[in-house]
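Numbering (the working numbering), first residue to last: 207 to 566.
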């Protein structure tokens, strides 16, 4: 808990002077004001994060993905066996899965962290920070203890700080865990006050029995545990997941170290909701990569007042959205650094003369 308290107390507002300098720089670049839209907003935000309007081109980037299994899987909330968590997570570091390929294509390094998968054997290339072999069945009681919830967050902080020491300037988050949309939806239900059924069928015109069963399971878990929606750690412990806690730690750790975090899809939104309860200032350090196609995603973004960069109808998770957003972020920085300036170009002199004539 000491690490978490220390990190949270070191998250400060963005540097307004640097944001203003970056905005003034954009205003001097040869384009009509604000016409680069979110590209301008992203670089100004990053200037505020870094505390300088000087942002390096193509900064070193990585994605940290956490894997964990879930006791609530016993309730039949997923069509897939839990063995897939482990089998697929190997593909995160051997270049075979979606996020691994998108990351490699875009020059983004990939790190996998076993924070709570079933199985005792380590996987080559995966960082082993296993707290336990999956959570407990949250319909029978808390998914984990408060101590394990804190531990999962502090592991995320530790891994993030290892990457920061290795000079990573932008960090994305991802996850793997069969059945983890159930705890993520439970977190959203608790934080929003919405019934689970409203969330799981929010984008389904004709919800089947499987979705209704999932909503019933989530509702039961919330009734059994009665988590306090104002206490992020309690919500994580009672209805969350270890990989969600790991992502919370990356968010908080990066914010305290002035590093922007690119969040992924629906499961990462749950992590953001938890992190927001711990320290709302962390939201200023986040870049939402895409709007997940998973039910409840729009609600989560509305609660967090976030507008994702992309809407690709993706709902894979893993960190794929974060990987896909990285080259857009690179493009924003490159334009910011390399576009010509009105103050240094004949075009600027012409426009000043033209505007002066128009005022006469």
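Ideal Cβ positions, reconstructed from N, Cα and C, are used throughout, including at glycine.
Terminal residues of the alpha helix (DSSP H) in which residue 334 lies: Not the alpha helix (DSSP H): residue 334 falls in the beta strand (DSSP E), residues 332–334.
Which one or two residues does DSSP pair with residue 313 in a beta bridge? DSSP lists no partner for residue 313.
How do the segment 519–527 and the segment 209–229 stand: do at least 3 beta-carbon pairs fall below 8 angstroms, yes or no? no
Which first and last residues belong to the alpha helix (DSSP H) in which residue 254 is found? 244–256
Short Cβ contact (7 angstroms threshold) for residue 286 with residue 384: yes
Report, in whole angstroms, the separation of the C-beta atoms of residue 350 and residue 448, which I expect to be a contact under 8 angstroms. 7 angstroms
If you draw a straight line from the alpha carbon of residue 551 to that of residue 230, how long is it in whole angstroms? 16 angstroms
Determine the burial state of residue 504: buried for a count of at least 16 other Cβ atoms within 10 Å of its Cβ, exposed for fewer. exposed
Start and end of the beta strand (DSSP E) containing residue 349? Residue 349 -> no beta strand (DSSP E), and no H or E assigned at all.
Between residue 428 and residue 502, is the Cβ-Cβ spacing less than 7 angstroms? no
Cα separation between residue 245 and residue 237? 13 angstroms
One question on the structure: do residue 378 and residue 269 come within less than 7 angstroms of each other, judged by their Cβ atoms? yes
Inspect the beta-carbon positions of residue 438 and residue 484 and report whether they are closer than 7 angstroms. yes
Rounded to the nearest angstrom, what separates residue 386 and residue 341 at their Cα positions? 11 angstroms
For residue 265, does the three-state DSSP call read helix, strand or coil? coil
Beta-carbon proximity of residue 525 to residue 470, cut-off 7 angstroms: yes
Quick one: what's residue 493 bridged to in DSSP? 468
Rounded to the nearest angstrom, how far is the Cβ of residue 531 from that of residue 493, given a contact under 8 angstroms? 7 angstroms
Identify the residues that DSSP records as bridge partners of residue 379: which are they? 270
Please go through the segment 494–545 and give each complete alpha helix (DSSP H) segment of 4 or more residues, from N-terminal end onward. 503–510 and 526–544
Compute the Euclidean distance between the alpha carbons of residue 317 and residue 355, then round it to the nearest angstrom. 21 angstroms
Short Cβ contact (7 angstroms threshold) for residue 516 with residue 500: no
Which residues in the same chain have their Cβ closer than 8 angstroms to the Cβ of residue 303, if we skip the five residues on either side of it in sequence? 294, 297 and 524
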